[in-house]
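Protein chains in written order, with my numbering: chain A, 1 to 581; chain B, 582 to 746.
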């Protein structure tokens with residue numbers, strides 16, 4: 001079955017190119033949890049009606065749904081950011097043993113430089129550990145072609161393929177021509193317990209088989225055009241992969257270069273032949289010395305980079321510095337500090353938590369910004385879903401009632417729920433706050449089980465966090481609008497004083513979803529004592545002028561009225577009414 | 582065009598200013614004229630008022646999404662206090678549009694949503710891309726206010742051509 005041949009000029013980001021490539025490769029199902037920089041892969045796939053594209057509650061679930069689809073004989077894809085793959089490692093490790101029925105590709109987006117992440121782990125290391133082949137495109141146009149090849153590799157070698165990109169590929173757009181057509185290889189559901197039930201008796205022969213498949217992949221890596229040598233000047237040669245290949249070509253356009261589109265297993269013979277043709281051989285790669293270590297192990301004389309280059313992104317200038325054996329020495333960039341949006345409902349929550357003087361075990365989301373001055377009311381952040389277990393550990397060891405957990409609705413559905421269950425099971429007391437804006441906000445407003453809509457925006461069952469919390473064993477569950485600052489603060493104090501496991505759900509919509517505005521507020525200069533209380537809210541709409549007066553930007557203010565609530569001198573009002581809305 | 586055939590424009594400012602749509606239109610206009618284009622942006626926390634930057638590179642075959650340090654041909658800064666952050670990326674003899682920013686603010690007044698289009702007009706006066714390609718690219722990007730955007734674009738284009746600060 002195939003659609004008419006498509007050939008058209010496009011301008012696509014790496015993420016969009018992957019979605020188009022997957023479509024032309026005949027992918028029937030794609031499942032993921034949002035995560036910068038990978039989010040737009042699923043958002044683009046969702047625009048193709050013939051593909052079942054979905055947001056799963058977390059990356060492990062997404063990977064398992066995709067595996068199920070591939071067993072059903074349909075090509076499937078899952079996508080995540082680097083730390084998301086940590087969550088999906090359990091299924092990934094064993095699918096390598098089982099193998100696949102129809103092609104299965106796991107797309108993972110690393111974030112060198114941490115534009116929006118908590119670490120810069122190099123996921124390429126997962127490939128040898130998980131015993132799966134690793135494909136790395138260097139540009140959006142390559143991503144489009146390589147993802148299609150990845151499905152063929154997956155099926156040819158009966159193995160899931162790890163497809164690794166980085167932020168700079170995800171978010172770079174390139175002009176190129178789409179040449180593919182949608183082909184759907186149809187297979188029946190594979191009923192084969194010896195292959196898909198990994199009890200020890202089945203897993204032992206599958207492991208042996210996996211070693212054979214890896215040996216075959218090693219041979220394939222020597223032949224595939226994904227690994228391509230370009231011999232030019234014989235004085236200098238480069239071994240590279242991913243976006244680093246583009247940086248090398250920019251900095252040293254005349255040098256010979258071998259770009260590894262398949263960077264595990266590496267084509268050692270091919271690289272050895274290449275090495276013989278050049279006088280001096282460099283390895284250029286972002287993050288870990290992944291290629292370098294494999295080449296040194298193979299006995300090839302290559303020059304790598306100094307350890308300081310394991311941190312951060314590379315660039316054409318970085319490639320020059322690496323070749324000169326210099327250390328990384330970046331000028332400190334003074335980027336503007338990110339802020340919670342004007343009208344963001346997390347702001348009153350952190351204002352109250354700060355006033356209460358509690359220790360806050362936080363989680364991953366926009367509300368992590370509550371850690372920054374002047375709000376400065378969040379004290380830990382580790383990984384998705386860690387808030388409640390970290391809170392439990394602290395609370396059990398200190399016994400201090402002034403310890404709380406703070407987690408967003410999407411993160412709660414992701415991996416927070418199991419932490420709450422465990423806390424209830426182990427008799428933990430104290431307060432858990434769920435900041436419920438009914439959306440996955442940090443990645444740009446994606447739906448989750450509490451939204452009441454799917455990835456495509458179609459209505460779906462809206463899961464109630466309060467019912468879940470009751471079922472998970474919370475003694476007390478309250479739902480409150482955090483903009484009622486006094487009531488919210490009183491409730492917090494009451495629950496902190498009790499000896500129960502209680503959940504406070506602070507419910508108010510995200511400003512990226514709820515765009516309606518109230519009349520903006522103004523500061524009455526005569527009444528203002530310049531005490532700075534409103535400035536401590538860290539609202540992007542409130543600023544102090546050079547002359548010391550405080551003003552509210554009428555374009556940015558959405559009229560949430562939080563500043564009016566904290567002002568002790570009634571100096572903040574709307575244009576219409578002296579006492580405000 | 583510089584000798585290696587690739588030209589780099591750096592747009593930067595803060596979240597909400599339309600830095601990314603200006604870069605997008607610039608890229609699409611160049612594609613319309615047959616160039617190979619790569620556009621790379623940093624927008625991690627843009628929605629929350631953070632710094633935003635976008636590189637547009639055009640040529641016959643563009644390799645890297647990023648230029649070498651200090652090799653930007655055209656620097657388009659849209660926000661005063663951000664200027665220093667990346668001004669060293671401009672190459673010697675490159676075009677710095679920062680001196681136009683004051684004039685641009687005066688022209689658009691409180692209609693700050695058109696600041697990006699006006700600056701884009703100045704950019705267009707310095708690039709070897711046909712006017713019709715710019716207009717086509719804008720038409721595809723701005724679904725609303727196209728006519729107003731076109732006016733501000735043409736004003737900027739004229740100011741750029743006359744070197745009118």
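Glycine residues also receive a C-beta, built at the ideal position from the N, C-alpha and C atoms.
Coarse secondary structure for residue 522 of chain A, derived from DSSP in three states: DSSP places residue 522 of chain A in the strand class (E or B) of the three-state scheme.
Proximal residues to residue 413 of chain A (C-beta, below 6 Å), its chain only, five neighbours per side dropped: The beta carbon of residue 413 of chain A sits closer than 6 Å to the beta carbons of 57, 448, 449 from its chain, once the five residues preceding and following it are set aside; these are given in chain order.
Residue span of the alpha helix (DSSP H) that contains residue 101 of chain A, given as start and end: It is not in any alpha helix (DSSP H) - residue 101 of chain A carries neither H nor E in the DSSP assignment.
Residues bridged to residue 176 of chain A [DSSP beta-bridge criterion]: For residue 176 of chain A, the pairing in a beta bridge is given by DSSP as A/10.
Any beta strand (DSSP E) of 3 or more consecutive residues that is wholly inside the segment 75-99 of chain A: Counting only runs that start and end inside the segment 75-99 of chain A, the beta strand (DSSP E) elements of at least 3 residues fall at 76-81.
Whole-number beta carbon distance between residue 343 of chain A and residue 511 of chain A, since they are thought to touch under 8 Å: 5 Å between Cβ atoms; contact.
Bridge partner(s) assigned by DSSP for residue 163 of chain A: A/107, A/135.
Proximal residues to residue 711 of chain B (C-beta, below 7 Å), its chain only, five neighbours per side dropped: Within its own chain, the residues whose Cβ lies closer than 7 Å to the Cβ of residue 711 of chain B, once the five positions on either side in sequence are excluded, are 614, listed in chain order.
Where residue 360 of chain A sits in the DSSP three-state scheme: Note: residue 360 of chain A maps to strand in three-state DSSP.
Where the alpha helix (DSSP H) containing residue 606 of chain B begins and where it ends: 600-613 is the extent of the alpha helix (DSSP H) around residue 606 of chain B.
Proximal chain B residues relative to residue 525 of chain A, where beta-carbon distance stays under 9 Å: The contacting residues do not exist; residue 525 of chain A stays about 21 Å from chain B at best.
Start and end residues, beta strand (DSSP E) containing residue 256 of chain A: Its beta strand (DSSP E) spans residues 255-260.
Rounded C-alpha distance that separates residue 247 of chain A from residue 175 of chain A: Near 18 Å, if we compare the C-alpha coordinates of residue 175 of chain A and residue 247 of chain A.
Interface residues of chain A facing residue 703 of chain B [CB-CB closer than 7 Å]: Residues of chain A with a Cβ closer than 7 Å to the Cβ of residue 703 of chain B do not exist, since the nearest Cβ in that chain sits about 23 Å away.
Rounded separation between residue 650 of chain B and residue 319 of chain A - CA only: Rounded to the nearest angstrom, the two C-alpha atoms are 11 Å apart.
Proximal residues of chain A, C-beta to C-beta of residue 619 of chain B below 9 Å: Ordered by position in chain A, the residues that pass the 9 Å Cβ test against residue 619 of chain B are 139, 140, 172, 173, 174, 175, 246.
Contacting residues, own chain, Cβ-Cβ under 6 Å from residue 488 of chain A (five flanking each side not counted): Shown here for residue 488 of chain A: same chain residues with a beta carbon closer than 6 Å to its own, the five before and five after excluded, namely 352, 480, 482 in chain order.
Residue 148 of chain A, buried or exposed, once every other Cβ within 10 Å from all chains shown has been counted against 16: Residue environment: residue 148 of chain A is assigned as buried (16 or more neighbouring CB atoms within 10 Å of its CB, all protein chains considered).
8 Å CB neighbourhood of residue 291 of chain A in its chain, flanking five on each side removed: Once the five neighbours on either side are set aside, the close Cβ partners of residue 291 of chain A are 239, 240, 241, 260, 263, 266, 283, 285.
As assigned by DSSP and simplified to three states, the class of residue 509 of chain A: In the three-state reduction of the DSSP assignment, residue 509 of chain A falls in the coil class, being assigned neither a helical nor a strand state.
Residue closest to residue 733 of chain B, alpha-carbon to alpha-carbon, out of B/611, B/720, B/722, B/697: Ranking B/611, B/720, B/722, B/697 by Cα distance to residue 733 of chain B puts B/697 first.
Neighbour flag for residue 34 of chain A against chain B, beta carbons, 8 Å: With 8 Å as the cut-off, residue 34 of chain A does not count as an interface residue toward chain B.
Neighbourhood of residue 383 of chain A by C-beta, 8 Å cutoff - its chain only, sequence neighbours within 5 removed: Taking C-beta separations shorter than 8 Å and ignoring five residues to either side along the sequence, the partners of residue 383 of chain A in its chain run 83, 86, 118, 364, following chain order.
Helix, strand or coil at residue 306 of chain A [DSSP, three-state]: Residue 306 of chain A: coil per DSSP, three-state reduction.
Test item: CB-CB of residue 10 of chain A and residue 77 of chain A under 8 Å: Contact flag unset, no.
Three-state class that DSSP yields for residue 156 of chain A in the structure shown: Three-state result, residue 156 of chain A: helix.
Meets three-Cβ-pair contact criterion under 8 Å: the segment 86-102 of chain A and the segment 186-205 of chain A: The count of Cβ pairs closer than 8 Å, one atom from the segment 86-102 of chain A and one from the segment 186-205 of chain A, reaches three, so the stretches are in contact.
Helix, strand or coil at residue 48 of chain A [DSSP, three-state]: Secondary structure at residue 48 of chain A: coil, using DSSP grouped into helix, strand and coil.
Against chain A: residues of the segment 668-692 of chain B by CB proximity under 9 Å: From the segment 668-692 of chain B, only 669, 691 have a Cβ closer than 9 Å to chain A.
The segment 218-227 of chain A / the segment 266-276 of chain A touching (three or more Cβ pairs under 8 Å): In short, these stretches touch, since the Cβ pair count reaches three.
Where residue 668 of chain B falls: helix, strand or coil (DSSP): Of the three classes helix, strand and coil, the one that applies to residue 668 of chain B here is helix, per DSSP.
Span of the alpha helix (DSSP H), counted from its first residue to its last, around residue 63 of chain A: Taken as a continuous stretch (DSSP letters only), the alpha helix (DSSP H) holding residue 63 of chain A covers 59-71.
CB contact flag (residue 368 of chain A, residue 378 of chain A, <8 Å): Between residue 368 of chain A and residue 378 of chain A, the C-beta gap is smaller than 8 Å, which places the two residues in contact.
Under 8 Å (Cβ pairs) to chain B, residues found in the segment 239-263 of chain A: Those would be 243, 246, 247, 249, 250, 251, 253, in chain order.
Under 8 Å between C-beta atoms of residue 107 of chain A and residue 92 of chain A: In this structure, the beta-carbon distance from residue 107 of chain A to residue 92 of chain A does not fall below 8 Å.
Residue 636 of chain B - DSSP class collapsed to helix/strand/coil: DSSP places residue 636 of chain B in strand when its eight states are reduced to three.
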